[in-house]
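Protein chains in written order, with the numbering used here: chain A, 29 to 442; chain B, 10 to 488.
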């Protein structure tokens with residue numbers, strides 16, 4: 029791969045080397061190492077583009093080590109589009125080994141097929157019930173630990189897909205993105221999402237043509253071609269639902285879908301369709317109105333509660349106040365979590381690819397959770413939810429981890 | 010590099026404390042001054058004082074040059090690597106060792122980030138005063154090495170005023186305890202000598218810092234001026250009137266535009282050609298009295314509006330914008346030359362005008378954002394380091410600006426240090442005898458001149474170097 033195509037050189041020049049990003053970076057926090065910081069990574073990219081270094085294994089490792097949490101973008105005075113830079117570079121860095129390439133492409137194929145996801149979830153349930161997963165995990169080496177950390181997979185009934193239409197009256201109807209992993213591992217979150225939307229008067233439709241995956245995981249990991257194909261399918265599927273808002277309960281998907289246009293810089297027609305689509309995308313917390321949320325505190329939620337900002341909601345979409353306003357409208361006592369805008373280590377499939385690093389990153393977050401005294405932790409993204417659930421369980425904390433939709437659902441009266 | 014030495018060093022610091030591979034070393038080729046670059050042979054990151062000392066002993070045996078580095082946010086090339094050198098960085102030493110709220114000091118490792126020190130003591134109603142604009146990233150150790158400043162140093166003094174004691178590793182690996190948490194230890198003030206040494210006397214690994222009570226009231230004023238001249242004149246008069254705000258900053262039009270286009274947009278108005286950002290702190294009555302006086306002076310020099318920050322959030326926003334100003338200039342061009350000169354505050358307007366003329370004559374894009382209260386100017390010149398001809402014009406302008414400042418009775422550096430950037434201008438301020446005296450102090454600590462060689466004190470015996478602005482060879486500056 030030529031340096032010119034591997035590096036988005038023009039974007040890399042936006043970095044003025046001030047270093048204000050350093051402290052926000054989870055991998056710099058872990059290592060104190062310049063090449064593991066946003067400024068350092070951009071410096072290496074520029075050095076590759078200018079021919080000073082080769083894009084060798086060390087270079088690839090530093091690019092891979094990044095969580096793409098984009099915390100650096102939230103503090104960058106120069107407006108460096110770090111996420112786009114990294115996605116561009118990752119797209120050019122193919123895995124070096126044949127098995128690496130096979131594992132990667134199989135993994136992403138899996139995400140694109142509901143049938144395959146179904147089969148995997150079923151198999152996982154079988155393993156978990158027979159405790160075979162405990163036996164298998166060590167055979168998979170470091171990545172096996174990710175397998176043993178997955179939550180118990182529910183019976184097929186709990187993994188059912190959402191109804192295509194859930195009627196309600198009084199507020200604007202919305203279309204919902206069902207998500208890839210969500211129905212298999214967190215089906216209850218999806219159903220809670222529909223219930224709170226219905227309660228607030230939003231009829232919910234789930235377009236059946238939507239692909240299994242929006243393509244965000246592909247884009248973050250450099251599979252830009254597949255990401256483009258999935259984006260086209262997603263856009264087309266939701267165009268059938270007119271102008272209504274496209275709602276998602278996954279911060280990662282929301283952030284990616286709001287930036288679909290970036291994928292189509294060389295296809296004006298798709299770029300325009302992407303922009304129209306993106307303008308309709310809303311996180312769940314952006315649609316619900318705190319005023320009409322029920323105020324009754326519920327005894328099924330342990331107080332105080334706290335909120336951990338998913339990176340792709342706060343840094344990716346700039347959504348910070350809305351989830352908090354919704355939580356406060358429940359009347360539950362809420363405490364702030366220290367460094368709530370720093371990454372929990374989930375980062376899409378990062379926690380599966382690099383479980384040890386993900387665990388080290390979560391350690392600091394768990395410490396913040398301990399000192400907050402919170403009994404319930406609320407997040408708004410499936411990856412973060414799974415990461416927190418596993419971490420809280422391992423640490424033996426008596427803290428319930430809930431998605432925002434679940435908490436709102438629990439506190440509403442029916 | 011000697012493989013036995015590498016093996017020994019690795020045994021001390023572990024695999025995470027040692028960077029040998031060529032690709033990763035590239036990231037250490039410069040600090041905040043990206044104009045001059047040199048890839049180091051090795052990067053060492055000890056975890057604590059004991060490791061640092063052990064490493065330094067080995068490096069001494071091999072006679073290797075050592076380049077201390079904190080977060081690498083310095084703007085004068087103080088952490089630019091040296092031929093065949095080892096970058097010795099403190100970024101893994103970041104424990105807050107002790108916060109003693111009753112005796113009002115904190116002891117921290119050198120790699121603690123400036124802003125984390127204040128977070129560690131704010132719940133006691135205390136804070137650490139020096140607040141460089143890079144405080145979100147820069148380390149206390151780096152602040153010690155450069156005697157760093159910051160907006161609030163107008164009232165509270167630069168870093169040296171806030172350092173009580175140091176644990177220092179000398180060039181031969183000896184661990185020295187200088188000063189201590191109690192004020193005024195007996196004997197020579199070696200802490201005072203070490204602060205601002207730019208890594209030439211040793212590496213500080215632990216620092217005892219003075220903490221001060223957070224003032225009861227803080228008011229932040231934003232005065233809007235139709236011209237930069239008016240803002241400068243107002244500052245001159247504020248100083249003459251013996252008013253004592255805690256910070257007096259000026260931002261000009263281009264800076265305001267860059268900040269307002271960024272994530273740090275602070276609400277600086279687009280109708281002003283310059284703004285004065287002023288913090289006044291203390292007791293309630295005193296603060297409001299001073300604020301009234303400041304407003305009166307600002308208006309008498311043409312301020313058409315004086316706004317007051319409404320709450321803590323508003324204040325934080327105004328300051329975050331100011332402190333991100335350097336980074337925001339990345340929107341104008343890929344590189345920024347941040348000059349750091351000091352002038353008597355009665356000459357502010359005159360020198361600012363002169364810098365504008367100097368840059369205009371060379372076709373350079375100048376912006377101004379500076380600590381006006383201290384007379385510490387930062388004429389910022391936007392450029393692209395890939396354009397050799399433009400780089401030459403920038404360096405020439407930098408020299409002219411320094412000449413002008415020295416001519417009116419000012420100095421070469423307010424807070425960034427001399428480093429590489431201003432090294433060869435030192436002779437404008439100091440005589441041969443002065444420079445010799447500096448070398449003798451240095452020799453007392455490091456007779457072999459292995460610590461950060463080639464920085465801050467001009468290489469002499471060769472008249473040529475004094476007349477050259479910067480050692481930038483052809484080919485974009487990679488030496």
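We put the beta carbon where it would ideally sit given N, CA and C, even for glycine.
From a predicted model like this one, the values you see are computed outputs, not experimental measurements.
Which term fits residue i, buried or exposed, when burial requires 16 or more other beta carbons within 10 angstroms of its beta carbon?
{"i": "residue 323 of chain A", "result": "At residue 323 of chain A the pLDDT is 49, less than 50, meaning the model places this residue with poor confidence; the figure from the coordinates comes in the next sentence. Exposed, because fewer than 16 other Cβ atoms sit within 10 Å of the Cβ of residue 323 of chain A."}
{"i": "residue 333 of chain B", "result": "buried"}
{"i": "residue 260 of chain A", "result": "buried"}
{"i": "residue 152 of chain B", "result": "buried"}
{"i": "residue 413 of chain B", "result": "buried"}
{"i": "residue 154 of chain B", "result": "buried"}
{"i": "residue 385 of chain B", "result": "buried"}
{"i": "residue 97 of chain B", "result": "buried"}
{"i": "residue 188 of chain A", "result": "exposed"}
{"i": "residue 215 of chain A", "result": "buried"}
{"i": "residue 135 of chain B", "result": "buried"}
{"i": "residue 11 of chain B", "result": "exposed"}
{"i": "residue 238 of chain A", "result": "buried"}
{"i": "residue 340 of chain A", "result": "buried"}
{"i": "residue 293 of chain B", "result": "exposed"}
{"i": "residue 251 of chain B", "result": "exposed"}
{"i": "residue 83 of chain B", "result": "buried"}
{"i": "residue 185 of chain A", "result": "exposed"}
{"i": "residue 154 of chain A", "result": "exposed"}
{"i": "residue 16 of chain B", "result": "exposed"}
{"i": "residue 461 of chain B", "result": "buried"}
{"i": "residue 423 of chain B", "result": "buried"}
{"i": "residue 132 of chain B", "result": "exposed"}
Which whole-angstrom value describes the C-beta separation of residue i and residue j, a residue pair presumed to lie in contact below a C-beta threshold of 8 Å?
{"i": "residue 279 of chain A", "j": "residue 306 of chain A", "result": "Going by Cβ atoms, the distance from residue 279 of chain A to residue 306 of chain A rounds to 15 Å, so no, they are not a contact pair."}
{"i": "residue 382 of chain B", "j": "residue 244 of chain B", "result": "7 Å"}
{"i": "residue 386 of chain A", "j": "residue 374 of chain A", "result": "7 Å"}
{"i": "residue 459 of chain B", "j": "residue 75 of chain B", "result": "6 Å"}
{"i": "residue 79 of chain A", "j": "residue 98 of chain A", "result": "No, residue 79 of chain A and residue 98 of chain A are not in contact; Cβ-Cβ is about 28 Å, not under 8 Å."}
Bridge partners of residue i, per DSSP?
{"i": "residue 380 of chain B", "result": "B/385"}
{"i": "residue 174 of chain B", "result": "B/188 and B/217"}
{"i": "residue 404 of chain A", "result": "A/333 and A/428"}
{"i": "residue 258 of chain B", "result": "B/286"}
{"i": "residue 230 of chain B", "result": "B/287 and B/317"}
{"i": "residue 364 of chain A", "result": "A/335"}
{"i": "residue 354 of chain A", "result": "None; residue 354 of chain A has no bridge partner."}
{"i": "residue 344 of chain B", "result": "B/392"}
{"i": "residue 136 of chain B", "result": "B/221"}
{"i": "residue 498 of chain B", "result": "The displayed coordinates of chain B run from 10 to 488. Any statement about residue 498 of chain B would go beyond what the structure contains."}
Can you determine whether any heavy atom of the ligand GTP sits closer than 6 Å to the C-beta of residue i, and answer yes or no?
{"i": "residue 399 of chain B", "result": "The ligand GTP is absent from the structure shown, which contains no ligands of any kind."}
Report the neighbours of residue i on chain D: residues whose CB is nearer than 9 Å to its CB, in chain order.
{"i": "residue 101 of chain B", "result": "Reference to chain D is not applicable here, since the protein chains of this structure are A and B."}
Q. Contact between the segment 225-241 of chain B and the segment 69-76 of chain B: three or more CB pairs below 8 Å?
A. no
Q) Going along the chain, which unbroken runs of the beta strand (DSSP E) with 3 or more residues stay wholly within the segment 137-222 of chain A? A) 202-204
Q. What are the start and end residues of each continuous beta strand (DSSP E) run of 3 or more residues lying completely inside the segment 279-341 of chain B, in chain order?
A. 283-291 and 314-317
**Q.** Three or more C-beta pairs below 8 Å linking the segment 47-61 of chain B and the segment 24-37 of chain B
**A.** yes
Q) Counting pairs of Cβ atoms below 8 Å between the segment 41-50 of chain A and the segment 85-96 of chain B, do you hit three or more? A) no
Q) Which runs of the beta strand (DSSP E), 3 residues or longer, sit entirely within the segment 44-125 of chain B? A) 51-53, 75-78, 95-98, 105-109 and 114-118
Q: Taking 8 Å as the threshold, find out whether the segment 326-341 of chain B comes into contact with the segment 135-151 of chain B through three or more Cβ pairs.
A: yes
Q | Three or more C-beta pairs below 8 Å linking the segment 315-329 of chain B and the segment 112-130 of chain B | A | no
Q. What are the complete alpha helix (DSSP H) segments, minimum 4 residues, inside the segment 219-245 of chain A?
A. none
Q.
Under 8 Å, with one C-beta from each stretch per pair, do the segment 393-410 of chain A and the segment 189-201 of chain A reach the 3-pair mark?
A. no
Q. Can you find at least 3 beta carbon pairs, one from the segment 253-262 of chain B and one from the segment 281-295 of chain B, that sit closer than 8 Å?
A. yes
Q: Would you check if the segment 413-427 of chain B and the segment 56-64 of chain B touch, i.e. whether three or more CB-CB distances between them fall below 8 Å?
A: no
Q: Indicate whether the contact test is met: 3 or more Cβ pairs, each with one atom in the segment 429-438 of chain A and one in the segment 354-372 of chain A, closer than 8 Å.
A: yes
Q | Runs of beta strand (DSSP E) lying entirely within the segment 367-453 of chain B, each at least 3 residues, in chain order | A | 374-379 and 388-392
Q.
If contact is defined by three or more beta carbon pairs under 8 Å, each pair taking one atom from either stretch, is the segment 167-179 of chain B in contact with the segment 265-276 of chain B?
A. no
Q) Does the segment 248-259 of chain A touch the segment 209-226 of chain A, meaning 3 or more C-beta pairs lie closer than 8 Å? A) no
Q: Count the C-beta pairs between the segment 200-209 of chain B and the segment 161-172 of chain B that are closer than 8 Å, then say yes if the count reaches three, no if not.
A: yes
(Q) Check whether the segment 262-277 of chain A and the segment 333-349 of chain A touch, using three or more Cβ-Cβ pairs below 8 Å as the test. (A) no
(Q) Report the start-end ranges of each alpha helix (DSSP H) in the segment 57-83 of chain A that is 4 residues or longer and not cut off at the edges. (A) 66-77
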